[in-house]
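Here is the structure we will look at, set down as structure tokens.
Residue numbers (this note's numbering), protein chains in the order written: chain A, 1 to 14; chain B, 1001 to 1255.
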């Protein structure tokens, strides 16, 4: 099935 | 900070406690807010309680309150849903906060102290996305769809096209999909389904996380789903009278 991605692939640290 | 009823705070806690064990609450003149990641870094939850949510609110100096959700939940469970809640944080001794619950007619008052923690919570920068699609619908309907389809399969696919919005779940021995069309027939705003999209899209998410997210339905009768194939989904619950919101960003599953 599809693989879970984490938010680190989209959001950087502020 | 004084809330007219503890119910809102109880509901907020219920909406985040499965995802976040401890978090910093940032207090400033605007209100109280928190942003936290789950341990798997798959969902980010943001809560904003604006001054409008409070019967009275004063914040002379911005403060960050490190709260452990477990004891906070235990203290809040001692408050009746209709009891007034006052939270006090002193700038002099920042090692605890005081919570006072008052039940007007019964002349009952209870006071608690909660130790504060030193949490080095990292804040994530969430860029403002131009969303490919936005769906607003009754939060109870979204909750039922997610809970039902989560029983069918662990992946929840959300597709937006001119057909409407299609929720699909695929399991080993069964598959199910539910299509919602924009509803203009109903007049009550909170019952309407509205869909806007720039181009058709389809994304897949982990149903167990989406289930946890739908617990926030208690805070708002409507939910807004914002999707874009380049971003995590944003599931937003706006509270009435500009009192604030709870927003979740859930990372997708990709082939």
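The beta-carbon is built from N, C-alpha and C at its ideal position, and this holds for glycine as well.
Predicted, not measured: the structure shown is a model, and the values here were computed from it.
>> Counting only Cβ-Cβ distances shorter than 8 angstroms, please list the residues of the stretch 1029–1062 of chain B near chain A, keeping chain order.
In response: Listed by position, the residues of the stretch 1029–1062 of chain B near chain A (Cβ gap below 8 angstroms) are 1037, 1040, 1041, 1042, 1043, 1044.
> Which residues of chain A have a Cβ atom closer than 9 angstroms to the Cβ of residue 1125 (chain B), listed in chain order?
Replying inline: Locating residue 1125 (chain B) in the second chain gives position 125, counting from the first residue. Within chain A, the residues near residue 1125 (chain B) are 11, 12, 13, 14.
>> For residue 1241 (chain B) and residue 5 (chain A), what's the separation of their Cα atoms in angstroms?
In response: Taking the second chain and counting its residues from 1, the one referred to as residue 1241 (chain B) is at position 241. Taking the first chain and counting its residues from 1, the one referred to as residue 5 (chain A) is at position 5. Approximately 36 angstroms, taken between the alpha carbons.
> Using Cβ-Cβ distances below 7 angstroms, what residues of the stretch 1165–1177 of chain B are close to chain A?
Replying inline: Here the close residues number zero.
> Roughly how many whole angstroms lie between the Cα atoms of residue 1226 (chain B) and residue 1107 (chain B)?
Replying inline: In the second chain, residue 1226 (chain B) corresponds to position 226, counting from 1. In the second chain, residue 1107 (chain B) corresponds to position 107, counting from 1. C-alpha separation (whole angstroms): 46 angstroms.
> Taking the beta strand (DSSP E) that residue 1065 (chain B) falls in, what are its first and last residues?
Replying inline: The residue you call residue 1065 (chain B) lines up with position 65 of the second chain. From DSSP, the beta strand (DSSP E) with residue 1065 (chain B) extends over 1063–1068.
>> Rounded to whole angstroms, what is the Cα-Cα separation between residue 11 (chain A) and residue 1202 (chain B)?
In response: Position 11 of the first chain holds residue 11 (chain A). Position 202 of the second chain holds residue 1202 (chain B). Looking at the two C-alpha atoms, the distance is approximately 21 angstroms.
> For residue 1252 (chain B), which residues in chain A fall below 7 angstroms Cβ to Cβ?
Replying inline: On the second chain, residue 1252 (chain B) is found 252 positions in, with the first residue counted as 1. Those are 5, listed as they occur along chain A.
> Would you say the beta carbon of residue 1220 (chain B) comes nearer than 7 angstroms to a heavy atom of the ligand ATP?
Replying inline: By its list of ligands, the structure shown contains no ligand whatsoever, and the ligand ATP lies outside what it can speak to.
> Can you list the alpha helix (DSSP H) stretches of 4 or more residues lying completely in the stretch 1127–1177 of chain B, in chain order?
Replying inline: Those alpha helix (DSSP H) runs which fall completely within the stretch 1127–1177 of chain B and span 4+ residues are 1139–1152.
> Is residue 1220 (chain B) buried or exposed, if buried means 16 or more other CB atoms sit within 10 Å of its CB?
Replying inline: Translated into positions along the second chain, residue 1220 (chain B) becomes position 220. Looking at its Cβ environment, which holds 16 or more other Cβ atoms inside 10 Å, residue 1220 (chain B) is buried.
> residue 1084 (chain B) bridges to which residues according to DSSP?
Replying inline: For the purposes of this step, residue 1084 (chain B) is taken as residue 84 along the second chain, with counting starting at 1. Residue 1084 (chain B) pairs with B:1102.
>> For residue 1210 (chain B), report the span of its alpha helix (DSSP H) as first-last.
In response: As a working mapping, residue 1210 (chain B) is identified with position 210 in the second chain. Unbroken alpha helix (DSSP H) run through residue 1210 (chain B): 1207–1213.
> Which first and last residues belong to the alpha helix (DSSP H) in which residue 1012 (chain B) is found?
Replying inline: Numbered from its first residue, the second chain carries residue 1012 (chain B) at position 12. From DSSP, the alpha helix (DSSP H) with residue 1012 (chain B) extends over 1007–1016.
>> Only counting the same chain, and skipping five residues up and downstream in sequence, which positions put a Cβ closer than 8 angstroms to that of residue 2 (chain A)?
In response: On the first chain, position 2 is the one that residue 2 (chain A) refers to. Around residue 2 (chain A): no qualifying Cβ.
> Distance, Cα to Cα, residue 1055 (chain B) vs residue 1144 (chain B)?
Replying inline: Counting from 1 along the second chain, the entry for residue 1055 (chain B) is found at position 55. Counting from 1 along the second chain, the entry for residue 1144 (chain B) is found at position 144. About 33 angstroms.
> Per the contact definition of three or more C-beta pairs closer than 8 angstroms, is the stretch 1062–1069 of chain B in contact with the stretch 1039–1054 of chain B?
Replying inline: Cβ pair count under 8 angstroms is below three, so no.
>> Measuring straight from C-alpha to C-alpha, what distance separates residue 1090 (chain B) and residue 1070 (chain B)?
In response: Here residue 1090 (chain B) refers to the residue found at position 90 when the second chain is read from its first residue. Here residue 1070 (chain B) refers to the residue found at position 70 when the second chain is read from its first residue. Rounded to the nearest whole angstrom, the C-alpha separation of residue 1090 (chain B) and residue 1070 (chain B) is 22 angstroms.
> In whole angstroms, what separates the C-alpha of residue 7 (chain A) from that of residue 1042 (chain B)?
Replying inline: Translated into positions along the first chain, residue 7 (chain A) becomes position 7. Translated into positions along the second chain, residue 1042 (chain B) becomes position 42. Answer to the nearest angstrom: the Cα atoms are 5 angstroms apart.
>> So that I know if they touch, is there some Cβ in chain A lying closer than 8 angstroms to that of residue 1249 (chain B)?
In response: The sequence position of residue 1249 (chain B) within the second chain is 249, counting from 1. Yes, residue 1249 (chain B) counts as interfacial toward chain A.
> Can you find at least 3 beta carbon pairs, one from the stretch 1175–1193 of chain B and one from the stretch 1136–1150 of chain B, that sit closer than 8 angstroms?
Replying inline: Yes: at least three Cβ pairs fall under 8 angstroms.
>> I believe residue 1134 (chain B) touches residue 1196 (chain B) by the beta-carbon criterion, under 8 angstroms. Please report the beta-carbon distance rounded to the nearest angstrom.
In response: One-based indexing of the second chain puts residue 1134 (chain B) at position 134. One-based indexing of the second chain puts residue 1196 (chain B) at position 196. Yes, residue 1134 (chain B) and residue 1196 (chain B) are in contact; Cβ-Cβ is about 5 angstroms, under 8 angstroms.
> From which residue to which residue does the beta strand (DSSP E) around residue 1247 (chain B) run?
Replying inline: Indexing the second chain from 1 puts residue 1247 (chain B) at position 247. 1244–1250 is the span of the beta strand (DSSP E), which, as asked, contains residue 1247 (chain B).
> Taking residue 1007 (chain B) as the reference, which of B:1247, B:1083, B:1111 has the closest Cα?
Replying inline: Taking the second chain and counting its residues from 1, the one referred to as residue 1007 (chain B) is at position 7. When each option's Cα is compared against that of residue 1007 (chain B), the closest is B:1083.
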